[in-house]
Amino acid sequence: MTLRIDRRSFLVTGTLGTGAFLLPGFAYAQSVAALTGFTHSVASGEPAADSMLLWTRYVPANGGPAKLRAEISETADFVRIAGGGEQVTGPWRDHTAKIVATGLKPGTRYFYRFVAPDGTMSPVGRTKTLPVGPTRRFGIGIFSCSNMGFGWFNAYGHAAAREDLDLWVHLGDYYYEYKPGDYPTDEQAIAARVPQPLHECLALADYRLRYASYRSDPDLQELHAAKPCIVQWDDHETANDSWEGGAENHQADEGDWDMRKAAAIQAWREWMPVSEAPWGSYAIGALATLFRTESRLLYRTRQPDIGAFFFEADPIKALTNFRDGAWQSPAATMLGTEQEAWLAQAMRASVRAGQHWQVAGFGTIMGNLVAPPATESWLAPDAGRKARMIAKAGVISGKLGLPLNYDSWGGYPAARARFLKAAQAAGANLLVICGDSHNAWAFDLGQDGKPAGVEFAGHSVTSPGYEDSLAADPRAIAAGLVAANPELKWCDTSRRGYMALTLTPEKATNDWLFVDTIATRTPRASVGYSASVTRGRNVMA
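Take the sequence shown: its letters are residues 5 to 545, numbered as in the numbering used here.
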């Protein structure tokens, strides 16, 4: 039987357990009108040494308001309650609740749960506060680009079972806004993985329903219930290639952009274990400071579009003028001046405090990346005219030093330079982590001819990478990309999974883990590549 998540088949996983997701016929046993109780398990986030944000969703039988109580304890039996709080939730916030538990011990594992007015209890979650003082080791699981339609979230399932990771970081594209049949196409889609609504997300109700679909996934529920998660959005939480004033996937007949953006942000804040602050920093003992950033919706200027240059009488001249002029504009920004100033100051403060590492999370890759001359040869023999034109344009641009992707930091070179110069001036041991591209990358980041930091860029949980559009051997593609891009030290353009970053006082090591498959629910994965950087060097070993 095909398991389809739709309005008549929401999963009461919070009440019956995530195993119910796999029971034949269970998905048809409940209607959305009858869905009550703790509907989507629990989650934690915004960790500190002495506090933790706790999340759940509870719908009472009458669909109205309900007062929930959160309890947190060092033991699974909850004999001694260490903290918690109460909150009234209701339909105005899609029945979600976020309660910050304070007065906790640093570096301590906790169990937590929510209690409803009728005495029923949510599933029990596990979480861990951040350490203080000297910290010998800290592990972070890093995820991005989770498109339900393309397959199963086996990366989440594999990570959730690990005991050697202390924290999750999700760098965006937590879900995708497209209608079923667009991305993935009907031919690409896994029949059992069709999220609601059955149209593109435009309004608040749409975004809420899309979250409800994704959060019904058992592996995503287990991930959230296992460890705290620091979450930031990228573009697909609203619309593809979004910026402050619009998006590639927002057309005039789809309503007002500001209203759509506000609806998406509201749903994100309801459904994610996040604070209201758009960016923030997290001290991991004396070991590292992790910076959560916002580089998509609030201040990002519009991405450059070079397509028209190829139809001019002299495309090379037009591209050269763009490269030497508009592309270099200091007004082009991803973070905005306020956040840039905050991040520069926060990195300086972290270094002055003696933190060994400064870890900055961004949605899109920072490493310089151009299309190699061999790009056209990587296409399938039957590739269409449009694909060949795009590949040819990329090669021409690459020969002029123009980037492969303008929706990444490649479209904002002055902003990239400002950030890297700030890291150098602070004396930071900079680790950049990011997602978005669906492929795996390892960059040495440089500025003004000097090392500025390293970048560990993550592959997707399920969304396809270059293997979806290129027919060449992935090893040949990787070799060509590395040869054409001095900052790029390694890449993989064909496999899905997640990253695991291990921090110690003197070394940071990143593993790229690749799942066996996303076609079936099989949470097996293995390390495909590892890269390390020694403190004080800002280049990979």
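The C-beta atom is built at its ideal place from N, Cα and C for all residues, glycine as well. As the structure is a prediction and not an experimental result, all values here were calculated from the model.
Where residue i falls: helix, strand or coil (DSSP)
i      : result
GLY453 : coil
SER530 : strand
SER401 : helix
PRO117 : The residue asked about is misnamed: residue 117 is Arg in this sequence, not Pro. Residue state, collapsed to three classes: strand.
ALA292 : strand
TRP275 : helix
VAL16  : The predicted position of VAL16 is uncertain, since its pLDDT is 29 and thus under 50; a value taken from the coordinates is nonetheless stated next. Coil, per DSSP.
ALA70  : strand
TYR62  : strand
ILE234 : strand
ALA523 : coil
TRP494 : strand
SER354 : helix
VAL465 : coil
LEU424 : helix
GLY49  : strand
GLY484 : helix
HIS44  : strand
THR93  : strand
MET370 : coil
MET338 : coil
With 16 other Cβ atoms within 10 Å as the buried cut-off, status of residue i
i      : result
ASP260 : exposed
ASP496 : buried
GLU50  : buried
TRP96  : exposed
ASN66  : exposed
ASN542 : buried
ASP238 : buried
ILE522 : buried
ASP411 : buried
GLY367 : buried
ILE437 : buried
GLY29  : Bear in mind that the predicted position of GLY29 carries a pLDDT of just 28, short of 50, making it too unreliable to give a figure here.
PHE25  : For PHE25, the predicted structure reports a pLDDT of 35, less than 50, and the residue's modelled location is therefore unreliable. The matter cannot be settled from this model.
THR131 : buried
GLY371 : buried
MET263 : exposed
LEU404 : exposed
ASP168 : exposed
PHE315 : exposed
MET393 : exposed
GLY398 : buried
ALA357 : exposed
GLY289 : buried
ASN443 : buried
PRO385 : exposed
ASN325 : exposed
9 angstroms Cβ cutoff met for residue i and residue j
i      : j      : result
ALA512 : ARG539 : yes
GLN270 : TYR211 : yes
ALA345 : SER285 : no
LEU517 : HIS174 : no
ALA456 : ASN514 : no
ILE234 : ARG296 : yes
GLY129 : LEU171 : no
GLU204 : GLU241 : no
LEU206 : GLU258 : yes
GLN359 : LEU291 : yes
GLY94  : ARG73  : no
ALA159 : PHE142 : no
VAL363 : LEU134 : no
DSSP bridge partner residues for residue i (one or two, in chain order)
i      : result
LYS511 : THR538
ILE437 : GLY365 and PHE460
GLY87  : ILE76
LYS132 : ARG113
THR100 : ARG61
VAL173 : ILE146 and ILE234
ASP448 : VAL458
ALA287 : THR293
GLY4   : Outside the modelled stretch of the chain, which goes from 5 to 545, sits residue 4, for which no answer is possible.
LEU517 : TYR502 and VAL531
ALA105 : MET56
MET544 : VAL537
MET263 : Note: MET263 sits in no beta bridge, so no partner.
MET125 : VAL119
Chain C within 9 angstroms of residue i, Cβ atoms only
i      : result
GLY123 : Annotation note: the requested chain C is absent from the structure, which comprises a single protein chain.
Worksheet entry | Whole alpha helix (DSSP H) elements within the stretch 175-226, 4-residue minimum | 208-218
Practice prompt. Any chance you could list the alpha helix (DSSP H) runs of at least 4 consecutive residues sitting entirely within the stretch 145-171, in chain order?
Written response: 158-164
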